[in-house]
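Using the numbering used here, read the sequence shown as starting at 9 and increasing by one per residue. C-beta atoms are modelled at their ideal positions from N, C-alpha and C, and glycine is treated no differently. Quick notes on the structure that follows.
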Amino acid sequence: MSNETRLLQHIQSSIADDSFVRLTLSKPTDQKGILKKVIVSLASIKKETQLSFIYRHKTNDITKNQPIKEGLVTIESQLSGEFEIANLFTTSSDFAYERNGGKSRLKEKPATFKTAPNRGHDKEKRHLIQGTDYLQLLGVLDKNGRVLKDKGDKFKQINKFVEVIESLLKNHELASSKKSIRVVDMGSGKGYLTFALYDYLANQLKLDASVAGVEVRQDLIDKCNGIAKSVGFEQLNFELGYIGDYALDSTDMLIALHACDTATDDAIAKGMAANAELIICAPCCHKQVRKSMTDSQGLDSLLQHGILKERQAEIVTDAIRALLMESKGYKTKVFEFISTEHTGKNLMIVGQKRKKTANPQQYLDEVEKLKQQFGIKEHYLESLL
């Protein structure tokens, strides 16, 4: 039996008993070629164990995956003519193979690795939201707790939103203190994110959380209140109201996701007036600023196309919002909430109240510069402050 055949048998048996760690093939017979090395490992691809080949070239790496049977044929071909050195690592032994001219040798050595690595590609997704009863009643999950086909994007959005909340509350006094926390969700809609937020605050962080969803559609209010009652979310309630008219004396956290156009500004203003510790917005529509961008200075070529003007209006609108929040003592972050693959409106503005406010005028001066540059007479949020 040749050394090549013996090595192939060791590879095959180590895969079978799950002791396989990796195989490296080096010293190519074509030393002038661009392929320098091949690294072979096991990977879980769509719940099937496959051989994953990393082809290491001079300037780049290429990864190819093959079913076990096909992959073994590929390895046999590479051993027989393409590479002169092979090293097999298993949890029981290492095997060093070398071919020189017409002769070859195979040497067994003590194992370098004691445990096999995690099998790669299929990573278990981390979901902060564990509750299924309300997600079933909201039409996100089926009766078996599986995500419905047309609700995959919504489920991703819900989990991403809770991840954002988790990050904001990490080491924040709102989560570390024993006092109650009050949250208002302006424009709660069908309640997907409102329910998830309450679940996270009350059931995972074990906070004394009171969450109110404000919505203009009575049918959605009735439905959401019914679901909240049926799942025992005692301090989650939904109220009828318009964002601009809603009476808000105080709150710890204000949320406004996809409030249309100036409704986002109404929500931000309400949050700042209520001295909210956290203001979280995902703006939708930016019509007010877009309509007033008529006398831009030297930007005609940039704004002559409708789609470019629309996107520029979105950027300017949200930049001014962030600056105005900074002027009122909030440290702001503007970032992508979730990939555009899952939702078209994916920008999020977060304001966290500072202990002290640094020179508000410097932020207001920046607002004026942007307004002059883009020919904007007034940003609606300014009129509310």
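When burial is assigned at 16 or more other CB atoms within 10 Å of the CB, is residue i buried or exposed?
| i | result |
| --- | --- |
| residue 158 | exposed |
| residue 165 | buried |
| residue 235 | buried |
| residue 184 | exposed |
| residue 4 | There is simply no residue 4 to check, as the chain begins at 9 and stops at 393 in what is shown. |
| residue 41 | exposed |
| residue 37 | exposed |
| residue 177 | buried |
| residue 50 | buried |
| residue 326 | buried |
| residue 13 | exposed |
| residue 207 | buried |
| residue 268 | exposed |
Could you please give the first and the last residue of the uninterrupted beta strand (DSSP E) stretch that includes residue i?
| i | result |
| --- | --- |
| residue 84 | Segment 76–85 is the alpha helix (DSSP H) holding residue 84; no beta strand (DSSP E) there. |
| residue 66 | Where residue 66 is concerned, there is no enclosing beta strand (DSSP E), given that its DSSP letter is neither H nor E. |
Roughly how many whole angstroms lie between the Cα atoms of residue i and residue j?
| i | j | result |
| --- | --- | --- |
| residue 260 | residue 283 | 8 angstroms |
| residue 118 | residue 101 | 5 angstroms |
| residue 379 | residue 291 | 19 angstroms |
| residue 400 | residue 90 | This structure cannot settle anything about residue 400, because the visible part of the chain is limited to 9 through 393. |
| residue 233 | residue 224 | 14 angstroms |
| residue 61 | residue 124 | 17 angstroms |
| residue 78 | residue 16 | 13 angstroms |
| residue 374 | residue 331 | 7 angstroms |
| residue 265 | residue 371 | 25 angstroms |
| residue 48 | residue 88 | 16 angstroms |
| residue 10 | residue 65 | 29 angstroms |
| residue 210 | residue 190 | 11 angstroms |
| residue 343 | residue 34 | 44 angstroms |
| residue 340 | residue 364 | 14 angstroms |
| residue 29 | residue 21 | 12 angstroms |
| residue 381 | residue 238 | 54 angstroms |
| residue 226 | residue 287 | 25 angstroms |
| residue 75 | residue 27 | 18 angstroms |
Using the DSSP secondary-structure output, state which residues sit across from residue i in a beta bridge.
| i | result |
| --- | --- |
| residue 48 | 31 and 61 |
| residue 359 | 287 and 340 |
| residue 366 | According to DSSP, which records beta bridges pairwise, residue 366 is partnered with nothing at all. |
| residue 191 | 219 and 261 |
| residue 248 | 223 |
| residue 116 | 103 |
| residue 36 | 91 |
| residue 155 | 149 |
| residue 111 | 108 |
Would you mind reading off the limits of the alpha helix (DSSP H) that contains residue i?
| i | result |
| --- | --- |
| residue 170 | 160–177 |
| residue 18 | 11–24 |
| residue 236 | 226–238 |
| residue 202 | 200–206 |
| residue 391 | 388–392 |
| residue 274 | 271–281 |
| residue 184 | 181–184 |
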